[in-house]
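Residue numbers for the sequence shown follow the working numbering, beginning at 17 and rising by one. Every residue gets a Cβ at the ideal spot worked out from N, C-alpha and C, and that includes glycine.
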Amino acid sequence: MANSGVDEFYEIIRLILAKYFAEGEGYEDLPDKRKCDLLLREHGAEVAFILDGALEIQTPDSIFKEVRRIFGSTNITGQDFTALDQAFEQLTSRSYKSEKGQYFTPRHVIDMCVEAVDPKPGELICDPACGSAAFLKSAHTHTLKNYGETAKLYGFDYSHRACQVAKVVSLIGARGEIKVEQMDSLRLPAPTLLDEEQETIEHMMGPSFEGFDVIVTNPPFAGDISVEGYANGYDVARTSSKRLERDVLFIERCIRLLKVGGRLAIVLPDNKVSGKAFRAVRLWLGKNSEIKAVVSLHRYTFLPYTSQKAAVIFAVKRQPALSPYESEITFFRSDAAGKASNGTPVYRDNADVDHPAYIALDHDLDEIAPQIRSVICAA
Ligand SMILES: C[S@@+](CC[C@H](N)C(=O)[O-])C[C@H]1O[C@@H](n2cnc3c(N)ncnc32)[C@H](O)[C@@H]1O
């Protein structure tokens, strides 16, 4: 389609939505273009809520034939949404390429985080850097499966495209129950009532908002922010004289957005967990939360995108204290990433790779998750 002038991002989303609506009407294959357009128009309100621009398929007829051949028999809603997930892995990883330090979070890492913090029905769950809303979709599945009801799910991302993908995931994968808002999540509420009210998460949540029960997130790993400007309102800004890494701000932002007793799972580059330069940030975290567990992820976990080592910190928010909370921290090390050194998946013996593929990966995070859950729930 290189010369067709069609924006591939929007067209792929239109095709996915058309296939989804067609499956809802019992079609196994992608119907012809006329029927696809009809379906998109019939569901115009849902489509317009997600996409800007045309409601109709833009792909020229000659290429549409090829699309039907390749994509037609792929089941969007079956196999626990494996196809949808993989499509968005490609789409979002491409659009992240231009931005430093944004990596698609592997689904088994997400499930470990969600399993460990164990969101419950009715609780407020948030991902302030939600990307394709994968953490929230996992939380939706977790609460439905374990408790028969869902939690209240909120995703924020400053990227318009990420929000559009998140809305598709919400519609197709979570019955539309994930609320997605485009927002710079790092923006802090105005310090005094005299200051002008800005668009912030707190503002959007309304006056009765007292904090989230759970935050599960993988913030961007890189990209500095000048200490002047809005980063100035952050305590951690005092730990650096010039520039701050975005993930450091996200650590403080997440703690601020939680209610006391709220649970946090945050994926971070390894230097935040062990680097000398970030000792002051860890001290801040220790004074504002009980750090309960740290999982050191395998170097291959984020392949093929990066071999950067990462870890997940699990913490429970407390009232700010003068010295760090004396929490007992359990350290885990993942030795099986479910990936080979070239980034290809490694499956368990006799695995059924279709239901869905990532569940069959040969990794050890599902052994770790219940152990973290027991220390967090004992908090
Ligand atoms: C590592 S990606 C998250 C990936 C996501 N968990 C997934 O698997 O799809 C980080 C996300 O944070 C978003 N982001 C970065 N800075 C932000 C900010 N200040 N406010 C809101 N979102 C932000 C990026 O647009 C990106 O989607």
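How do the segment 356 to 376 and the segment 281 to 295 stand: do at least 3 beta-carbon pairs fall below 8 Å, yes or no?
no
Which word fits Ile86, buried or exposed, when buried means at least 16 other C-beta atoms lie within 10 angstroms of its C-beta?
Working through the sequence shown from its first residue, we reach residue 86 at position 70. Under this definition Ile86 is an exposed residue.
Does the beta-carbon of Phe294, which I'm using as the reference point, lie nearer than 8 Å to any heavy atom of ligand 1?
Here residue 294 corresponds to residue number 278 of the sequence shown, with the count starting at 1. Using a cutoff of 8 Å, the CB of Phe294 does not count as near ligand 1, since none of the ligand's heavy atoms is closer than that.
Within a Cβ cutoff of 6 Å, which residues of the same chain sit near Cys52, ignoring the five residues on either side of it in sequence?
One-based indexing of the sequence shown puts residue 52 at position 36. So the list reads Ala34, Ile73, once near-sequence residues are dropped.
DSSP on Lys136, reduced to helix/strand/coil?
One-based indexing of the sequence shown puts residue 136 at position 120. Lys136: coil per DSSP, three-state reduction.
Only counting the same chain, and skipping five residues up and downstream in sequence, which positions put a Cβ closer than 6 Å to that of His314?
Mapped onto the sequence shown, residue 314 falls at position 298. Excluding residues within five positions, the ones whose Cβ falls inside 6 Å are Ser350, Ala353.
DSSP bridge partner residues for Gly171 (one or two, in chain order):
On the sequence shown, position 155 is the one that residue 171 refers to. Partner(s): Asp143, Val196.
Identify whether Glu261 lies in helix, strand or coil by the three-state DSSP scheme.
By 1-based counting over the sequence shown, the position of residue 261 is 245. Three-state DSSP puts Glu261 in a strand.
If we ignore side chains and look at the alpha-carbon of each, how far apart do Gly42 and Tyr36 end up?
The residue you call residue 42 lines up with position 26 of the sequence shown. The residue you call residue 36 lines up with position 20 of the sequence shown. Here the alpha carbon of Gly42 sits roughly 10 Å from the alpha carbon of Tyr36.
Exposed unless 16 or more other CB atoms sit within 10 angstroms - verdict on Lys161
Here residue 161 refers to the residue found at position 145 of the sequence shown. By the neighbour-count rule (16 or more Cβ atoms within 10 Å), Lys161 is not buried but exposed.
Tell me the DSSP bridge mates of Phe330?
Taking the first residue of the sequence shown as position 1, residue 330 is located at position 314. Phe330 is bridged to Ala281, Ala309.
Could you say if the segment 327 to 345 and the segment 359 to 370 meet the contact criterion of at least three C-beta pairs nearer than 8 Å?
Look at the beta carbons and you see the segment 327 to 345 not touching the segment 359 to 370: under three pairs across the two are nearer than 8 Å.
Using 8 Å as the cut-off, classify the Cβ of Phe237 as near or not near the heavy atoms of ligand 2, replying yes or no.
By its list of ligands, the structure shown excludes ligand 2, since it contains just ligand 1.
Any non-hydrogen atom of ligand 1 within 8 Å of Ser175 CB:
As a working note, residue 175 is residue 159 in the sequence shown. Correct: Ser175 has its Cβ closer than 8 Å to ligand 1.
Boundaries of the beta strand (DSSP E) in which Val232 is found, first to last residue:
As a position in the sequence shown, residue 232 is number 216, starting the count at 1. Residues 228 to 233.
Arg349: first and last residue of the uninterrupted beta strand (DSSP E) it sits in
Here residue 349 refers to the residue found at position 333 of the sequence shown. Note, Arg349: beta strand (DSSP E), 346 to 349.
Nearest-angstrom Cα separation, counted from Arg298 out to Arg191
Residue numbering aside, residue 191 sits at position 175 when the sequence shown is read from its first letter. Residue numbering aside, residue 298 sits at position 282 when the sequence shown is read from its first letter. Rounded to the nearest angstrom, the two C-alpha atoms are 38 Å apart.
Helix, strand or coil for His10 per DSSP?
Outside the shown range of the chain (17 to 395) lies residue 10, about which nothing can therefore be said.
Return the chain-ordered list of same chain residues with a C-beta closer than 7 Å to the C-beta of His156, the five sequence neighbours on each side being excluded.
Position 140 of the sequence shown, counting from 1, holds the residue named residue 156. Around His156: Thr166, Leu169, Ala190, Glu193, Ile194.
DSSP on Val276, reduced to helix/strand/coil?
Stepping through the sequence shown from its first residue, residue 276 is reached at position 260. Val276 falls in the strand class under three-state DSSP.
Nearest-angstrom Cα separation, counted from Ile79 out to Arg269:
What you label residue 269 is simply residue 253 of the sequence shown in a count that begins at 1. What you label residue 79 is simply residue 63 of the sequence shown in a count that begins at 1. Taking the CA atoms as reference points, Arg269 sits about 46 Å from Ile79.
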